[in-house]
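> Pasting a structure here, questions to come.
2 protein chains.
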Amino acid sequence: MGEFTAVGKRIPRYEIREKVTGRSIFGADVKVPGKVLWGKMLRSPHPHARILRIDTRRAEKLPGVKAVVTAKDLPFVRYGAFVKDETYFAIDKVRYVGDRMAAVAAIDEETAEEALDLIEVEYEVLPPVLDAVEAMKEGAPLVHEDFARYEKTPPIPNPKGNVIAHIHLEQGDVEKAFAEADYIFEDIYTVPMAHQAYLEPHASLAMVEPSGKITIWTTTQASFLVRSGVAEVLQVPLTQVRIIPTEIGGGFGGKIIHKLEVAAALLARKTRMPVQMVMTREEDFQVTSPRHPCHMTYKTGVKKDGTLIARKVRLVFDTGAYAMSGPYITNATANRAIGPYRIPNFVVDSYCVWTNKANCGAYRAPGSPQIVFALESQMDDIAQKLGLAPLEIRLKNAVQDGDKSPTGMVLQNVYLKDTILKAAEQVEWGKRRGAEGSRRGTKRGWGMATSHWFVGGLASSACVKVNEDGTIGIITGAIDLTGSNTSLGQIVAEAMGVDPEEVTIRTLDTDQAPHTALSAGSQLTRSVGMALLKATEEVKKQLFEVAADELEASVEDLELKNKKVYVKGVPDKAIPLKALAQKCLTLKRGPLIGHGSVADMTPVPAFCTQMAEVEVDPETGDVKVLQVVAVQDVGVAINPQLVEGQIEGGVVQGVGYALTEELKYVDGKIRNAGFLDYKIPSALDAPKIKTLLIERMAHDGPFGMKGVGEPPIVPPAAAIANAIHDAVGVRIKSLPLTGDKILKALKEKGSNEG
Amino acid sequence: MGEFTAVGKRIPRYEIREKVTGRSIFGADVKVPGKVLWGKMLRSPHPHARILRIDTRRAEKLPGVKAVVTAKDLPFVRYGAFVKDETYFAIDKVRYVGDRMAAVAAIDEETAEEALDLIEVEYEVLPPVLDAVEAMKEGAPLVHEDFARYEKTPPIPNPKGNVIAHIHLEQGDVEKAFAEADYIFEDIYTVPMAHQAYLEPHASLAMVEPSGKITIWTTTQASFLVRSGVAEVLQVPLTQVRIIPTEIGGGFGGKIIHKLEVAAALLARKTRMPVQMVMTREEDFQVTSPRHPCHMTYKTGVKKDGTLIARKVRLVFDTGAYAMSGPYITNATANRAIGPYRIPNFVVDSYCVWTNKANCGAYRAPGSPQIVFALESQMDDIAQKLGLAPLEIRLKNAVQDGDKSPTGMVLQNVYLKDTILKAAEQVEWGKRRGAEGSRRGTKRGWGMATSHWFVGGLASSACVKVNEDGTIGIITGAIDLTGSNTSLGQIVAEAMGVDPEEVTIRTLDTDQAPHTALSAGSQLTRSVGMALLKATEEVKKQLFEVAADELEASVEDLELKNKKVYVKGVPDKAIPLKALAQKCLTLKRGPLIGHGSVADMTPVPAFCTQMAEVEVDPETGDVKVLQVVAVQDVGVAINPQLVEGQIEGGVVQGVGYALTEELKYVDGKIRNAGFLDYKIPSALDAPKIKTLLIERMAHDGPFGMKGVGEPPIVPPAAAIANAIHDAVGVRIKSLPLTGDKILKALKEKGSNEG
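In structure tokens, the structure reads:
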């Protein structure tokens, strides 16, 4: 990618010095002048109950309490992106432990807590349904009785009982193909609810101006969605709500939907004082939007040579008490459910089901870590049965350029095989099965998994301006979770022929920013990058018109590079960008500025392959991930250092999902809602990671980039499960891959073999 | 102006509730996290002295002092918009009382003050020159010895000695015309230095990010000029300086050039802590940039019938120690110096002269209150001599549409006569001369004055976006001194067919904002309004393309009003803006956004006439202004309530200039640097004001508007001087029109008559 000057540069994130010196302002750090009240939420202690009575009078009388709000303080609004099934405060029923009942603003946290205890709520406890498969059965308690009357965004196919949506995809004749198969594999896999475990809990501070206008500082991935969400619940125009996104200490999909913002705003409006709300760690674990548990049945028919000919997939997504993005994830995952393989005959049934648990939602590559654990585990079992190397069966069936996705989209820029082959170069396959580990009695093994992700592009707009000295300013609302602002700066620098250091970018609030997509789904840099490129085209058009005049050349003959406009092929004939910027400013056509706007973009597939080496202690079942080779098809890496950082982070997060992470429900309540009990990998648990990039220009993305954030978290669970199988010969079909499960499997295997 | 819906509405300023409830954040109100240091400036006590030695060591050792900076801490940079004659800290010489020597940052104000006292400076006092006429003489002390070597922006004509610029304009044969005149009048008028007397003193707070980037909150009319000014002095790119303009408590031209910002930034950089600096009232009076004193000679030749045939004007502007905007004001005022009259033969010589006083600069309608005092006083004397009514001589000679300005610009939208006639309707002329006043022995009189101002337009850019609910957002860096943000909101609302309340506008900082003109010269709303209109045209183009599709109509047949896109003439065929905005957002073409950019615009003349009634006590010379009729040609009033507010403010400020305001130098130092001694009119001193608007669409301005801020301050001094003459028959040719001067004149008149 040698022709670029700014793109491809390994420069540090623009804001990194702020972060490492502790000067960044995160959600809970926001300070505003004057006394700030503390807000707390009263939440349901029951997974399912009827609300008989709520009495806030004792709480209101407590000295130091400034306001208590309940559903009575809001207009009646049911909301939800796909099914309008949620009210901000519960009405009539509560549907999970954590459902919002009331909120309190008081002079300090202790008083607010005390006030919560004084709110009297009388419940009639109802039997909950806590498992999605159970919830689908006839006669299961209904989480929502009024589903038929709820407004739905079409298509919500086949809703019934607790089933919010049932997606059905079909191609070929799957039963006929099974009949023709040499082997049929049918397995059930389950994965638990897992939390994003961002280090910064949800935090919002709301102020209401005398005009009634609401300003909310909040840690979010989606300031514009939070704005429209808050405006919807409060029934005010968008101009009455201003969302200022703070620095964000991780999101991973868990900070998209508004959480505390409405309560903070409502309390601020009632008290006429600023109100700050910060979730405790326990609260955050208990009530936010973790990754869906999924019950997955994979039935696959193959020919002896390893050709996949039929696959039948049944996915049951447990989406919790309210639909949120569940229907979307259920649908999008169905489209990826057969894996990145050519399978002529398939049926996919994907269900989104209410239960009396926390609302599940987006978590990095939503849906994919689940299904890839299943399908890539089965791929290894198939390979083993057929005497093929894991590599072989995947290469044999891998999708290729021009193949169609299950929904008929023609795939372009398909580099799956490249990722597999590049990863394989790093590993001595075949030598390792059951090799001795470093510690006495341990066994080593390698496992691999591949995956694909569709990098979309969401409607975004942005502006680019040229300062009087030829430096550049970007006007955007893009929220920077992963260094995206730096990548966007590099994209604009490349287009404008300046150094990345000569570009400023700063995330604007919703009043000020051009409408910008949320930061999620690996699409932000692609979407905003495209909008910015359009903006630079406009700016360059303006610039070239003026330069053509000055250089006595025609616009078509001009080019912009090295901070100068040149007549192509005449290196002496050039004007510095600075001189042109100054000329435009006052004399020629006014300040140089351009805007760009893109609608939702056609997704481009991105592939990755990971290979993991583990060491398993057969006596304890203990698994240590020694190393991971992660190869990813990224299009062009705008900033390889940031891309590699994302991949490393994804791998480590995937290791946690594989080995230890699980939100454990007991009696309908999460019992490990804290970092002591919900164990994520620490730096010491991280394997050695080797990241390798497949850099081939994508046909449609700024300077040929694809997205990079989602893919790396997808393969680790399957790769590690396969590596465990390689090491000690047991197949674990449920996450996490705990020592208990391995020991139990080893014991069973022993008794079978003995 | 009935065809408008949003334009012409009397709506309150968007931010007014913030202001009246005390929630607006002005310069000194800015708070940032962590310990903030206090900065103070050491200034020269001498009007003119050589710096022999400066020793900061004792100050640096004072406990609590964090940093001391002097010229040594800056690169050597001479700056100035027209003549690069200034360094931020004085080097070699100080040139006025207040010239910057050093700055200190300490833990609190007291410690900083104490540290100033510990900085040792050894001066060799030089003879100062404190009067511009004196400064022009051969042998006067030179304020700048190195003028020849200074960089100048061409054309700085005829520089010599202390004369920075000498503008010469000439037309016809003035000496021949004088020879042909029936009468010749020659008078000398003088006006003093007057301060803008904004209620909020200069205040800045600087923070330096670990990356070295400087953020400065400051009360300014010109964030982009401050940015480039600070970057120039510190020699860093514009991307390294971010100026956040705070709410501003008055500017009137006095907050254009950077003052404290560089010192605060330098101290913040050295200490790595935030540094706040706020001028004391005395400091602000002593060292900022007041209105130029001017020595004016007007020689006018007339025919018996009152036709003006020749005028010779000599203006000497005392610009103080550094040129700043002096050359610009000297030049621009020369162009207005013969008044809004047809005079075929004229010579104007306008001089900008250094003295050892404070740098004079822009103050509301810079140059005009000075010359209009002179020329409109003389007009009355001419009228009286010829036996004409003040009205008659002005109407007879008034410029008209199609006339040329002294520089040859063809004047359009000339409504001078309209303002004169409309004002006259309010007043019973002729009856009042020397009428009895309300208090025993007092005399009443009426006086009038007209004036003209060229409303320019300065390069600006801005963006407009449509929110998902059809409400509108403006993206701008326009600084709102006078309600301009509200007017801009009304302009955009009008163009987009929505209510003004459905538009948000918030002033962005220099990193984020499209490049925007400074808020000065009555051009902001015109300049940014034009940029915004261009932006709305772009948005409407996008909107209509999508709507044409939906409505199966052609783009040309569409119109946008009442929040809907209609097919013209088919009221049933319409789509709500909201529906289109949502469609564009994701499906069609991406978020609706447009930008607009304008270069410097051709000025349009704006006229006003004021008539003042005074009561003069011949025993004390005391003058009370009873009422003022102010008629102003404003084009279309975007918001008549705001326009009237500006006119009322201008009149009162003009009354202060007429009667009481004068910065008094004693031994080269201002001795009345505070509101006890520098008397501005309070609410009780304000006359009854009747504002009347001439509303005729200007050919080139958003919805036909002109600017309104400058003109109303211009006529009061002359109108009041003429009214005094009308009341008691004495002509005072120097401002302010104090009781002493009137008594002295009455005494002289008495002895002459006696």
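Protein sequences appear in the order of chains X and P.
The opening position of the first sequence corresponds to residue 1 in our numbering, with each subsequent residue numbered one higher.
The opening position of the second sequence corresponds to residue 1001 in our numbering, with each subsequent residue numbered one higher.
All residues carry an ideal CB built from backbone N, CA and C; glycine is no exception.
Which of the three DSSP states, helix, strand or coil, is assigned to P/N1345?
Residue numbering aside, residue 1345 of chain P sits at position 345 when the second sequence is read from its first letter. It is a strand residue.
> Taking the straight line between their C-alpha atoms, what separation do you get for P/D994 and P/A1059?
What the structure shows of chain P is the stretch from 1001 to 1754, and residue 994 of chain P is not part of that stretch, so it cannot be assessed.
> Look up P/D1318 in the DSSP assignment and say whether it is helix, strand or coil.
By 1-based counting over the second sequence, the position of residue 1318 of chain P is 318. Residue state, collapsed to three classes: strand.
> Could you give the DSSP three-state label for P/M1001: helix, strand or coil?
Here residue 1001 of chain P refers to the residue found at position 1 of the second sequence. For P/M1001, the predicted structure reports a pLDDT of 48, less than 50, and the residue's modelled location is therefore unreliable. The matter cannot be settled from this model.
> Have a look at the DSSP bridge pairing and note the partners of P/C1352.
In the second sequence, the residue the question calls residue 1352 of chain P occupies position 352. Answer is P/A1165 and P/F1317, bridged to P/C1352.
> Please determine if the stretch 402-419 of chain X and the stretch 739-754 of chain X are in contact, where contact requires at least 3 C-beta pairs separated by less than 8 Å.
At 8 Å Cβ cutoff, the stretches do not touch.
> At a CB distance below 7 Å, what residues from the stretch 1532-1552 of chain P approach chain X? Give them in sequence order.
Those would be none; no residue qualifies.
> Need the endpoints of the alpha helix (DSSP H) that P/I1244 sits in, please.
Taking the first residue of the second sequence as position 1, residue 1244 of chain P is located at position 244. That residue, P/I1244, is in no alpha helix (DSSP H); its beta strand (DSSP E) goes V1241 to P1245.
> Per DSSP, which one or two residues make a beta bridge with X/V598?
Sequence index remark: in the first sequence, residue 598 of chain X carries index 598 (1-based). Answer is X/S460.
> Name, please, each residue of chain X whose Cβ falls closer than 9 Å to the Cβ of P/V1598.
On the second sequence, residue 1598 of chain P is found 598 positions in, with the first residue counted as 1. Near P/V1598 (Cβ distances below 9 Å), the residues of chain X are R589, G590 and P591.
> For X/P210 and P/I1025, what's the separation of their Cα atoms in angstroms?
One-based indexing of the first sequence puts residue 210 of chain X at position 210. One-based indexing of the second sequence puts residue 1025 of chain P at position 25. Near 14 Å, if we compare the C-alpha coordinates of P/I1025 and X/P210.
> Give every residue of the same chain whose Cβ lies closer than 6 Å to the Cβ of X/G650, excluding the five residues on either side of it in the sequence, and list them in chain order.
Position 650 of the first sequence, counted from the first residue, corresponds to residue 650 of chain X. Within the same chain, X/G650 has close Cβ partners P712 and I713.
> Along chain X, in chain order, which residues have C-beta atoms closer than 7 Å to that of P/L1238?
As a first step, residue 1238 of chain P is located in the second sequence; it is residue number 238 there, counting from the start. Simply N467, E468, D469 and T471.
> For P/V1262, which three-state DSSP category applies?
To locate residue 1262 of chain P, count along the second sequence from 1; it is residue 262. P/V1262 falls in the helix class under three-state DSSP.
> Assign P/I1011 to one of two classes, buried (16 or more other C-beta atoms within 10 Å of its C-beta) or exposed (fewer than that).
As a working note, residue 1011 of chain P is residue 11 in the second sequence. Classification of P/I1011: buried, given that the 10 Å Cβ count is 16 or more.
> List the DSSP bridge partners of P/Q1276.
For the purposes of this step, residue 1276 of chain P is taken as the residue at position 276 of the second sequence. Partner(s): P/W1038 and P/L1205.
> Between the C-alpha atoms of X/S350 and X/G447, what's the straight-line distance to the nearest angstrom?
On the first sequence, position 350 is the one that residue 350 of chain X refers to. On the first sequence, position 447 is the one that residue 447 of chain X refers to. The straight-line gap from Cα to Cα measures roughly 28 Å.
> At a Cβ threshold of 7 Å, is X/I713 touching chain P?
For the purposes of this step, residue 713 of chain X is taken as residue 713 along the first sequence, with counting starting at 1. Judged by the 7 Å Cβ criterion, X/I713 is not in contact with chain P.
> Should X/N639 go down as buried or exposed, given a rule of 16 or more other Cβ atoms within 10 Å for buried?
For the purposes of this step, residue 639 of chain X is taken as the residue at position 639 of the first sequence. Flag for X/N639 reads buried.
> Do the CB positions of X/S597 and P/G1645 come within less than 7 Å of each other?
On the first sequence, residue 597 of chain X is found 597 positions in, with the first residue counted as 1. On the second sequence, residue 1645 of chain P is found 645 positions in, with the first residue counted as 1. It is not a contact, given that the beta carbons lie outside the stated cut-off.
> DSSP on X/S377, reduced to helix/strand/coil?
One-based indexing of the first sequence puts residue 377 of chain X at position 377. In the structure shown, X/S377 sits in a helix (DSSP, three-state: H, G or I).
> To the nearest whole angstrom, what separates the beta carbons of X/N413 and X/V604, a pair I think is in contact under 8 Å?
On the first sequence, position 413 is the one that residue 413 of chain X refers to. On the first sequence, position 604 is the one that residue 604 of chain X refers to. Confirmed, about 6 Å.
> Along chain P, in chain order, which residues have C-beta atoms closer than 7 Å to that of X/N211?
Residue numbering aside, residue 211 of chain X sits at position 211 when the first sequence is read from its first letter. Inspection of the sequence shows that residue 211 of chain X is occupied by Ser rather than by Asn. Those are R1017, listed as they occur along chain P.
> Helix, strand or coil: how does DSSP classify P/P1369 here?
Position 369 of the second sequence, counting from 1, holds the residue named residue 1369 of chain P. Here P/P1369 sits in helix by DSSP.
> Mind listing the chain X neighbours of P/A1459? Cutoff is C-beta to C-beta under 7 Å, in chain order.
In the second sequence, counting from the first residue as 1, residue 1459 of chain P sits at position 459. By Cβ distance, chain X contributes L585, T586, G590 and P591.
> Tell me, please, whether the CB atom of X/K35 is closer than 7 Å to any CB atom in chain P?
One-based indexing of the first sequence puts residue 35 of chain X at position 35. So no, X/K35 is outside the interface.
> Express the C-alpha separation of X/H595 and P/H1595 in angstroms, rounding to a whole number.
Locating residue 1595 of chain P in the second sequence gives position 595, where the first residue counts as 1. Locating residue 595 of chain X in the first sequence gives position 595, where the first residue counts as 1. Approximately 6 Å, taken between the alpha carbons.
> Buried or exposed: which applies to P/T1021, given that a residue is buried once 16 or more other Cβ atoms fall within 10 Å of its Cβ?
The count along the second sequence starts at 1 and reaches residue 1021 of chain P at position 21. When all chains shown are included, P/T1021 counts as exposed.
> Throw me the rounded Cβ distance for the P/L1225 and P/I1256 pair, which I believe falls under 8 Å.
In the second sequence, residue 1225 of chain P corresponds to position 225, counting from 1. In the second sequence, residue 1256 of chain P corresponds to position 256, counting from 1. Between P/I1256 and P/L1225 the Cβ distance is about 6 Å, and since that is below 8 Å, they are a contact.
> Out of X/A323, X/V730, X/I91 and X/V492, state which residue places its alpha-carbon closest to the alpha-carbon of X/F76.
As a working mapping, residue 76 of chain X is identified with position 76 in the first sequence. Ranking the options by Cα distance to X/F76, first place goes to X/I91.
> Under 7 Å, Cβ to Cβ, is there at least one residue of chain P near X/M1?
Within the first sequence, numbered from 1, the residue matching residue 1 of chain X stands at position 1. Low confidence applies to X/M1: its pLDDT is 48, below 50, so where it sits in the model is not reliable, and the reading given next is rough at best. No, no contact with chain P.
> Please confirm if P/T1005 has its CB atom under 7 Å from at least one CB of chain X.
Here residue 1005 of chain P corresponds to residue number 5 of the second sequence, with the count starting at 1. No - not a single Cβ of chain X is within 7 Å of the one on P/T1005.
> I need the straight-line Cα distance from X/T70 to P/G1489, nearest angstrom please.
Counting from one through the first sequence, the residue named residue 70 of chain X turns up at place 70. Counting from one through the second sequence, the residue named residue 1489 of chain P turns up at place 489. Rounded to whole angstroms, X/T70 to P/G1489 spans 36 Å at the Cα level.
> So, are the CB atoms of P/A1630 and P/T1691 less than 7 Å apart?
Indexing the second sequence from 1 puts residue 1630 of chain P at position 630. Indexing the second sequence from 1 puts residue 1691 of chain P at position 691. Contact flag set, yes.
> Would you check if there are 3 or more beta carbon pairs closer than 8 Å linking the stretch 538-552 of chain X to the stretch 499-509 of chain X?
No, the stretch 538-552 of chain X is not in contact with the stretch 499-509 of chain X.
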